[in-house]
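The sequence shown lines up with residues 5 to 121 when you count with our numbering.
Each residue gets a CB set at the ideal place from its N, CA and C atoms; glycine is no exception.
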Amino acid sequence: MNQKKECLFCEIAKKNIPARIIYEDETALAFEDIKPHAPVHILVIPKEHIEKTSDLTEAHERLIGHLVLVAKDVAKKSKVENSGYRIVINCNRDAGQEIFHLHIHLLGGRKFTWPPG
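Here it is as C-alpha cells:
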C-alpha cells in the first residue's frame with residue numbers, strides 16, 4: 005500500500021519538523037526560511053494544506069486576507085515595517101514555487117530592485 009507523504013510545510017505546522025517559529029495561531033504559522041534571500045525572510049503559511057494560489061476558492065477569501073495581515077504584523081515585529089518589505093506568493097514551478105503548500109514570502113532588511121528576477 006502506498007501512503008501519501010505529508011508535505012514539508014504540513015510537517016512543520018504539525019511540529020514534526022523543527023522551525024524557528026515567529027508567529028502562530030489556529031490557522032496560520034510564520035517561520036524563518038532556511039535559505040534566506042534577505043536579512044529578514046519569513047514564510048507565512050496556512051495550517052490547512054493548499055498547494056498553490058490557483059487552488060484557492062471563494063471559501064479561502066478570509067484565510068488569504070488573514071495570511072497577508074499576519075505578514076504585515078510579522079514585518080512590524082521584525083522591524084522592517086518602516087524601511088519597507090516585500091511579500092511574494094509564487095504559483096507553480098515557472099514562478100519559482102518549490103514547496104507545493106501555499107506560502108507568502110516576507111522579505112525585508114535590504115533594498116530591493118524592480119522588476120524582480
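Could you check what DSSP says for Ala34 in three-state terms: helix, strand or coil?
strand
Where His64 and Asp29 are concerned, what is the direct C-alpha to C-alpha distance, given to the nearest angstrom?
17 Å
Should Ile91 and Val72 be called a contact, given that it needs their Cβ atoms to be closer than 8 Å?
In this structure, Val72 lies closer than 8 Å to Ile91 by Cβ.
Could you check where the beta strand (DSSP E) with Ile108 kicks off and where it finishes?
108-112
Helix, strand or coil for Arg24 per DSSP?
coil
Whole-angstrom Cβ separation of Leu49 and Ile26, contact assumed at under 8 Å?
First, the amino acid is wrong: residue 49 is Ile here, not Leu. So it is not a contact: roughly 12 Å between Cβ atoms.
Start and end of the beta strand (DSSP E) containing Arg90?
89-92
Report the partner residues of Val44 according to the DSSP bridge assignment.
Note: Val44 sits in a beta bridge opposite Gly112.
Is Leu110 closer than 8 Å to Ala79 when the C-beta atoms are compared?
yes
Tell me which residue opens and which closes the alpha helix (DSSP H) that His70 is part of.
Looking at the DSSP string, the run of the alpha helix (DSSP H) that includes His70 is 65-81.
Ignore the nearest five residues each way along the sequence and tell me which others in Ile103's own chain have a CB closer than 8 Å to its CB.
Cβ neighbours of Ile103 beyond the five flanking positions: Cys11, Leu12, Phe13.
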